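As numbered in UniProt numbering, the sequence shown has no gaps in its residue numbers, which increase by one up to the final residue, 388. In this text, a Cβ means the ideal position worked out from N, Cα and C, and glycines have one as well. These figures come from a predicted structure and were not determined experimentally. Reading through the structure tokens given below for one structure.
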Amino acid sequence: MTTFTPDIEASLAQQSIELPSWAFGNSGTRFKVFATPGTPRDPYEKIADAGQVHKHTGLAPSVALHIPWDLVDSFADLRKHAEDHGVRLGTINSNTFQDDDYKFGALTHEDDRIRRKAVDHHLACIDVMDATGSRDLKIWLAEGSNYPGQNDLRARQDRLADSLRTIYDRLGDDQRLVLEYKFFEPAFYHTDVPDWGTSYVQVAALGDKAMVCLDTGHHAPGTNIEFIVMQLLRLGKLGSFDFNSRFYADDDLIVGAADPFQLFRILDQVIRGGGLNNPDVAFMLDQCHNLEAKIPGQIRSVLNVQEMTARALLVDRPALAAAQSANDVLGANAVLMDAFYTDVRPALAAWRESRGLPADPMAAYAASGYQQQIEADRVGGTQAGWGA
Ligand code: LRH
Ligand code: MN
Ligand code: MN
1 MTTFTPDIEA SLAQQSIELP SWAFGNSGTR FKVFATPGTP RDPYEKIADA GQVHKHTGLA
61 PSVALHIPWD LVDSFADLRK HAEDHGVRLG TINSNTFQDD DYKFGALTHE DDRIRRKAVD
121 HHLACIDVMD ATGSRDLKIW LAEGSNYPGQ NDLRARQDRL ADSLRTIYDR LGDDQRLVLE
181 YKFFEPAFYH TDVPDWGTSY VQVAALGDKA MVCLDTGHHA PGTNIEFIVM QLLRLGKLGS
241 FDFNSRFYAD DDLIVGAADP FQLFRILDQV IRGGGLNNPD VAFMLDQCHN LEAKIPGQIR
301 SVLNVQEMTA RALLVDRPAL AAAQSANDVL GANAVLMDAF YTDVRPALAA WRESRGLPAD
361 PMAAYAASGY QQQIEADRVG GTQAGWGA
């Protein structure tokens, strides 16, 4: 069996992955949302469920919120509730994609009234961050156009810079803004923040507290995502990941499910660039579980990240560097592939047990009775969905 060095064990012990509150609500395609028994009815129940993921894996100590989906009367109370469930509140996500006013844009809108409304929403999100103790405000903008000529691309970029400046200036000393990019959808011709370069240009103009968020599902097929990871780390601007996996578009499937090798390559570059165990890089999931049960779906997800992290930590870096500098093409590739093909699951199971965690978190959750309990308890009321 593969064993881990103390250095690798120390890295694994520090790893933490943030869960999205919306992964616990119902979601679906534009054709149908299937209800899942036991689905939370409010943000409190979503956080209780997130606590289960952390309890069984030790990997997920924080939960990201989406505003207004997770609006509550008292965020101080929600914070306390999270602590009671062994987790804390993490990144606050703004939402400018479900309001009629934003049909033609939010932070880029031509109409100052609407643009001001969108800016104010972000300022309100920062108020939430003050109450929850969150560090990061994550901004994803659904703005763009469908037809060439529909909009003045350049003027929109200027208005975006201006809006972001107002938001940035409201951040506290220990708070940050992370700007997520996405190459298309919901707009099909142009998107105002379509790629890492645009996000980088915008956040670099703001200052040190603004970083790029990389959602793995937001790239065209065939994009070398690990190259982008390398470049952003090199520039000191990789603020966070939204992990998920995709076969076609922004599928939001379980991270590492579609292409474990890509996840390994990304984590390899994270390690190479000093991004692992680095508090400046937040590792989050951004997923939906349309068919599978949500809590085990999240457990599987964090375990996938842990597994590929452990494999990437096994890369023999001195041997890799030697092969690379000798231009030993096949030798260098073999060093990387040896690590990728190593089955670390038995070593991780043993390591978990040594830390008082279940060797098999999926089995432990299934045996815990929690799923049966929530399915019995949460009848009546409205199940929270991707949205409310
Ligand atoms: C947009 C996105 C963004 C949103 C989330 C629900 O596709 O990735 O991060 O906040 O999905
Ligand atoms: Mn995302
Ligand atoms: Mn997405």
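Comparing alpha-carbon positions, which option in the options lies nearest residue i?
| i | options | result |
| --- | --- | --- |
| SER16 | GLU143, ALA258 and ILE299 | ILE299 |
| GLN98 | GLY86, ALA142 and HIS56 | ALA142 |
| VAL53 | TRP351, ILE295, VAL344 and ALA326 | ILE295 |
| GLU110 | ASP162, ASP280 and GLU353 | ASP162 |
| ALA312 | ASP251, VAL335 and GLY25 | VAL335 |
| ARG345 | ALA364, ASN304 and GLN324 | ASN304 |
| ASP169 | SER145, GLY144, ALA155 and ILE126 | ILE126 |
| GLY222 | SER240, GLN262 and TRP69 | GLN262 |
| ASP136 | GLU292, HIS219 and ALA210 | ALA210 |
| HIS85 | ALA50, LYS117, THR91 and PRO68 | ALA50 |
| GLY25 | PHE31, GLY38 and GLU18 | GLY38 |
| ALA366 | ALA293, THR191 and ALA339 | ALA293 |
| VAL379 | THR29, ALA35 and ALA23 | ALA35 |
| PRO40 | GLY172, ALA23, VAL33 and GLU185 | ALA23 |
| ALA282 | ALA64, ASP7, ALA48 and ALA187 | ALA64 |
| LEU285 | ALA339, LYS32, ALA60 and THR2 | ALA60 |
| ASP360 | VAL270, PHE188 and VAL302 | VAL302 |
| PRO43 | GLU18, HIS81 and ASP250 | HIS81 |
| VAL203 | ASP338, ASP259, ILE266 and THR166 | THR166 |
| ARG154 | VAL193, ASP338 and GLY217 | VAL193 |
| PRO68 | PHE340, SER62, SER21 and ASP77 | SER21 |
| LEU314 | ALA339, LEU330 and GLY297 | ALA339 |
| VAL201 | TYR248, ALA326, LYS237 and ARG317 | LYS237 |
Less than 7 Å separating the Cβ of residue i from some heavy atom of ligand 3?
| i | result |
| --- | --- |
| LYS182 | yes |
| GLY217 | yes |
| ASP252 | yes |
| ASP286 | yes |
Identify the continuous beta strand (DSSP E) that holds residue i and give its terminal residues.
| i | result |
| --- | --- |
| PHE283 | 282-285 |
| PRO20 | 18-20 |
| VAL255 | Counting along the chain, VAL255 falls outside any beta strand (DSSP E), and DSSP gives it neither H nor E. |
| VAL63 | 62-66 |
| TRP140 | 136-140 |
Tell me the residue span of the alpha helix (DSSP H) that contains residue i.
| i | result |
| --- | --- |
| PRO148 | Neither: PRO148 is in no alpha helix (DSSP H) and is coded neither H nor E. |
| GLY331 | 329-340 |
| CYS125 | 112-132 |
| ILE92 | It is not in any alpha helix (DSSP H) - ILE92 instead sits in the beta strand (DSSP E) that spans 88-93. |
| GLY197 | 196-206 |
| GLU292 | It is not in any alpha helix (DSSP H) - GLU292 carries neither H nor E in the DSSP assignment. |
| TRP351 | 345-354 |
| HIS56 | 43-57 |
| SER325 | 317-325 |
| PRO361 | 361-368 |
| VAL379 | Premise fails: VAL379 is in no alpha helix (DSSP H) and is neither H nor E. |
| SER11 | 6-14 |
Hey, is residue i close to ligand 2, as in C-beta under 7 Å from one of its heavy atoms?
| i | result |
| --- | --- |
| ASP111 | no |
| ASP130 | no |
| ASP242 | yes |
| TRP196 | no |
| residue 441 | Because the chain here runs from 1 to 388, residue 441 falls outside it and cannot be looked at. |
| TRP22 | no |
| TRP386 | no |
| TRP140 | yes |
For residue i, verify whether its CB is less than 7 Å away from any heavy atom of ligand 1.
| i | result |
| --- | --- |
| ASN26 | no |
| ASN93 | yes |
| HIS289 | no |
| HIS66 | yes |
Looking only at its own chain, which residues have a Cβ that is under 8 Å from the Cβ of residue i, when we skip the five neighbours before and after it?
| i | result |
| --- | --- |
| GLY133 | ARG79, ARG88 and LEU89 |
| ARG234 | GLY273 |
| ASP195 | TYR181 and PHE183 |
Across which residues does DSSP place residue i in a beta bridge pair?
| i | result |
| --- | --- |
| CYS213 | GLU180 and SER240 |
| ASN277 | Note: ASN277 sits in no beta bridge, so no partner. |
| HIS190 | SER145 |
| SER245 | LEU253 |
| ASN26 | GLY385 |
| VAL270 | DSSP output for VAL270 lists no bridge partner at all. |
| residue 390 | This structure does not reach residue 390, given that the chain is present from 1 up to 388, and the question cannot be answered. |
Among the residues of its own chain, which have a CB less than 6 Å from the CB of residue i, if the five just before and after it don't count?
| i | result |
| --- | --- |
| ALA364 | HIS56 and PRO358 |
| ILE139 | SER94 and LEU179 |
| LEU123 | ARG170 |
| PHE243 | THR216, VAL255 and LEU285 |
| ALA220 | PHE183 |
Can you name, in chain order, every residue of its own chain whose Cβ lies under 7 Å from the Cβ of residue i, other than the five neighbours on each side?
| i | result |
| --- | --- |
| LEU348 | GLN306, GLU307 and ALA310 |
| PHE75 | VAL128, ALA131 and THR132 |
| ALA332 | LEU320, ALA323 and GLN324 |
| residue 391 | No statement about residue 391 is possible, as the shown extent of the chain runs from 1 to 388 and does not include it. |
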